[in-house]
Amino acid sequence: QNTVFYAVAQALFLIFCFRWRDLLEDGEEEEVPMKGAKSEGGGRGKKWMKQLDVVQRVVNSVLNPLKVCSPNVASQFARVAHATDFLYCYTILESNRRS
C-alpha cells in the first residue's frame, strides 16, 4: 500500500549515506567531528540544510521506514546519521528488532 513511500525513503537513506557532505549548509567543514567535540559556537559542529527536517520526520513516521527497508541500508543510515550528528535512530532499530 505504501510501497512508493518505502522505496523513496530507502533511496533517501542511501543518498544520505553517500552524499551527506553535499547536504551541509555552505561553508561548513566536511570532516566528521570526533564524538563529544563541540564547535566554536558550542553547537553540534554541523549545520544541515533546513530541508532535511523532512528526513527526521520520515524516520520517526508511523510508517516506520527503517523497519521495512533493507536491514543493511537501515543500519548503514543509522551509523552515518549518528557519526555525523544528524540523527540518532538506534532506538528505533532496536524497537523494530524486538517487534
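Heads up: the sequence shown is residues -25 to -1, 1 to 74, going by mature numbering (1 follows the signal peptide of the UniProt record, and there is no 0).
Even for Gly, the Cβ is constructed at its ideal location relative to N, Cα and C.
- Excluding the 5 residues flanking it on each side, F52 has same chain C-beta neighbours closer than 7 Å at F(-13), F(-10), C(-9), in chain order.
- For the set V(-18), A(-17), F(-21), K21, the Cα lying nearest the Cα of L(-2) is the one of K21.
- Under the three-state reduction of DSSP, L62 is assigned to coil, being neither helix nor strand.
- At the C-beta level, A(-17) and P40 come within 7 Å of one another.
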